[in-house]
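Undergrad: Following this message is one structure expressed as structure tokens.
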Amino acid sequence: MIDRKTLNAALLAGALALSLGAQAQSEHAIRLLVGFPPGGSTDTVARVLADKMATVLKQPVIVENKPGAGGRVAAQALKAAPADGLTYMVAPNATPIFQTLLYPPATLKYDLLQDFTPVALLVSYPMALAVSNSLGVHNAREYVARIKSHPKEASFGTAGAGGQTHFTGLQLGKAIGVDLQMVPFRGNGPLVTDLLGGQVPAGIMTAGDILPHHKAGKVKVVGVFSARRSPLMPDVPTFMEQGIAIDAGDAWTGMWAPARTPRAELERMQNALEYALGLPEVRDILVNRATLNPDFRTGAEMDALQRKELAYWGPIIKSAGFTPEQ
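By numbering that gives the first Met the number 0, the letter at position 118 of the sequence shown is numbered 117, and the numbering carries on one by one without gaps.
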């Protein structure tokens, strides 16, 4: 018979072994940093992919939310992380692109092109102009005619100042020869509420935030700012189709790694992402629940896109003279 002292020692040794095993597994888990609270679209993308990638990579993949400063907290954490293939950031293009153009290096505390390596583009989604039913318009041309004859309605709401929707609206104003005024809201939720109620005549936002209301006939989406129609809103023409020369591109979400992460680790993660984004169940969640278009592109393609966007938006932001709050 085993005495109590021996049994307790055996139990303690077993517990210690389990603890060390769990610690070892945690130390080798891949972290996906997300600069926003749980529940948003960026967090959804990260969690859906993490669940599927863990099987392929044969190690845990965990999502770590680090909300704050529009994503800068997560970006700063990525820069500080070891370049060992265990830490990545999932973020919308607004975090690296627009913050790079809006804030000085002392505020950012990172350099997009020097401190980060693009891994892959994950999803894209169009920016759309939705108008209140009170305007009585059905397309972009009718909208332009309406606000030219009713100058008090020449304003648009956005989820906040200093983002892609803000500067897209200013570009639209230039394209149609109207001084459009931006009205900032604290997120798309309050903007949609006021748009439905007619308190704001128009709003520029991501498709997912307005598509259900468009389908229900509560608002009218008169155009998307992409080069081609989005598979998420195939019934909505682009502004280019309607004779208005503006192509601000889609918004998108991608993954970055710390600079100097080994190429083998980057390729391993890229392959896992491509696999996960190709799964029918993943595509179903992203398209039908999150209203996001699975749009895998390699790190090289993503790098070319981010450099193109920096070059495109830089002069626009500079000419706008906009200064964000620090």
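We put the CB at the ideal spot given by N, CA and C, even for glycine. Please read these numbers as outputs of a predicted model, since none were measured by experiment.
Taking the alpha helix (DSSP H) that I29 belongs to, which residues open and close that run?
TA: Premise fails: I29 lies in the beta strand (DSSP E), I29 to V33, not in any alpha helix (DSSP H).
Undergrad: Can you list, in chain order, the residues of its chain whose CB lies under 6 Å from that of L291, leaving out five sequence neighbours each side?
TA: V122, Y124 and L285
Undergrad: Under a three-way DSSP split, which group does N92 fall into?
TA: coil
Undergrad: So for A226, helix, strand or coil by DSSP?
TA: coil
Undergrad: Look at the alpha carbon of V220 and the alpha carbon of K57, and state the distance between them as a whole number of angstroms.
TA: Roughly 44 Å between the two C-alpha positions.
Undergrad: If you draw a straight line from the C-alpha of S154 to the C-alpha of V199, how long is it?
TA: 8 Å
Undergrad: Taking only runs of the beta strand (DSSP E) that begin and end inside the segment 128–215, which ones reach a length of at least 3 residues, in chain order?
TA: 154–157, 180–183 and 201–205
Undergrad: Any idea if A79 is buried or exposed, counting beta-carbon neighbours within 10 angstroms, 16 or more meaning buried?
TA: Its Cβ having fewer than 16 others within 10 Å, A79 is exposed.
Undergrad: So, under 8 Å CB-CB, L77 and F115 are touching, yes? Tell me the CB distance rounded to an integer number of Å.
TA: 7 Å
Undergrad: Candidates G156, L210 and D178: which alpha carbon is nearest F184's?
TA: G156
Undergrad: Less than 7 Å between the C-beta atoms of M301 and P37, yes or no?
TA: The answer is no: Cβ separation not under 7 Å.
Undergrad: Find out if the Cβ-Cβ distance for the pair G70, A45 is shorter than 7 Å.
TA: Not closer than 7 Å, so no.
Undergrad: Suppose contacts are defined by Cβ-Cβ distances below 7 Å. Is P323 in contact with L101 by that definition?
TA: yes
Undergrad: Which residues in the same chain as G20 place their Cβ atom closer than 7 Å to its Cβ, once the five residues preceding and following it in sequence are excluded?
TA: Only weak support exists for where G20 lies, its pLDDT of 39 falling under 50; the value from the coordinates is given anyway. Answer for G20: no residue qualifies.
Undergrad: Please state if the CB of Q163 and the CB of A250 are separated by a distance shorter than 7 Å.
TA: yes
Undergrad: Closest by CA to M204, which one among E308, F224, I315 and I316?
TA: Nearest to M204 by C-alpha distance, out of E308, F224, I315 and I316, is F224.
Undergrad: Pick out the complete alpha helix (DSSP H) segments inside the segment 38–101, 4 residues or longer, and give them in chain order.
TA: 40–56, 71–79 and 98–101
Undergrad: Evaluate the contact criterion for the segment 134–146 versus the segment 311–321: three or more CB pairs, one atom per stretch, below 8 Å.
TA: no
Undergrad: Would you give the residue range spanned by the alpha helix (DSSP H) that R306 belongs to?
TA: It spans G298 to A319 - the alpha helix (DSSP H) in which R306 sits, taken as one unbroken run.
Undergrad: Can you check whether the CB of F35 is closer than 7 Å to the CB of T41?
TA: yes
Undergrad: Is the CB-CB distance between A119 and G298 below 7 Å?
TA: yes
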